[in-house]
Amino acid sequence: MHLIDFPNGAYLRQSIESDRADLYRVCVQTGIIGSDASHLFRMPRMLGEIYVGPYLTFEPNYSFTIVDGEITGYLLATLDTAAFEEREEVEWWPALRSKYLNVGIENFTDEEKSLFAHMQNPPRTPKAITDEFPSQLHIDLVTKSQRKGFGKPLIMYLLKQLTEANSPGVHLHVNPINDNAIGFYEKLGFVIAHKSTDEWLMTRKL
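For the sequence shown, UniProt numbering gives the first residue as 1, with consecutive numbering after it.
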């Protein structure tokens with residue numbers, strides 16, 4: 001079932017398990033501020049397994065696939081970030097750590113070494129954020145589907161779903177040098193709530 005139809009024939013639908021490989025591909029193809037990061041990986045699934053896989057597994061009701069001739073993006077959310085991160089620690093990270101430990105760090109690219117270190121101690125979202133803005137969203141579109149006017153209706157659709165589930169607020173992570181993304185989210189009512197070297201947190205009341 002199409003949840004949103006776009007004039008060019010692209011559409012949004014609920015994600016299904018058979019989308020997983022394509023959505024991991026999208027994650028890599030948007031890995032450098034929306035541009036392709038494939039050249040940084042020998043094991044291209046790693047990035048998607050960290051940033052996309054947990055949503056598909058634990059939040060299927062808030063996992064959506066964008067189809068623009070082929071699968072070109074995803075729209076993901078979790079209703080309760082604190083509970084989601086707890087579940088990741090118990091049910092997701094241990095198996096992933098074991099998988100890549102068996103591969104051997106000597107076989108990793110520099111980017112993969114950094115991600116392997118990340119999965120050893122994934123950062124938790126600050127309680128000050130999750131108390132007021134418990135939900136989290138994540139969206140990526142490959143170059144083919146960028147600058148086509150998809151972003152706003154996709155985000156607004158997801159915000160509606162979270163509002164109907166009685167979430168009081170939502171947050172997202174953004175690269176601090178991604179001025180286009182920051183400006184886009186500000187136009188949708190998000191504000192910068194927390195800054196660190198590698199990423200900023202933006203929040204919006206629902």
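Beta carbons: idealized from backbone N, C-alpha and C, even for Gly.
Only a predicted model underlies this, so the values are computations on that prediction, with no experimental measurement involved.
Beta-carbon proximity check, residue i vs residue j, cutoff 8 Å
i: T78; j: E59; result: yes
i: G176; j: K195; result: It should be noted that the sequence gives Pro, not Gly, for residue 176. In this structure, K195 lies closer than 8 Å to P176 by Cβ.
i: L188; j: L75; result: no
i: V26; j: D140; result: yes
i: R13; j: T65; result: yes
Coarse secondary structure for residue i, derived from DSSP in three states
i: K205; result: strand
i: S171; result: Checking the sequence shown, residue 171 turns out to be His, not Ser. Correct three-state label for H171: strand.
i: S63; result: strand
i: G53; result: helix
i: K195; result: strand
Exposure label - residue i; buried when at least 16 CB within 10 Å
i: E164; result: exposed
i: P126; result: exposed
i: A117; result: exposed
i: Q120; result: exposed
i: V170; result: buried
i: R204; result: buried
Whole-number beta carbon distance between residue j and residue i, since they are thought to touch under 8 Å
i: G73; j: V142; result: 6 Å
i: F184; j: G151; result: 6 Å
i: R178; j: I33; result: The displayed chain sequence assigns Asn, not Arg, to residue 178. Confirmed, Cβ separation roughly 5 Å.
The segment 103-117 in contact with the segment 183-198 per 3-pair CB rule at 8 Å: Counting Cβ pairs under 8 Å, fewer than three are found: no touch.
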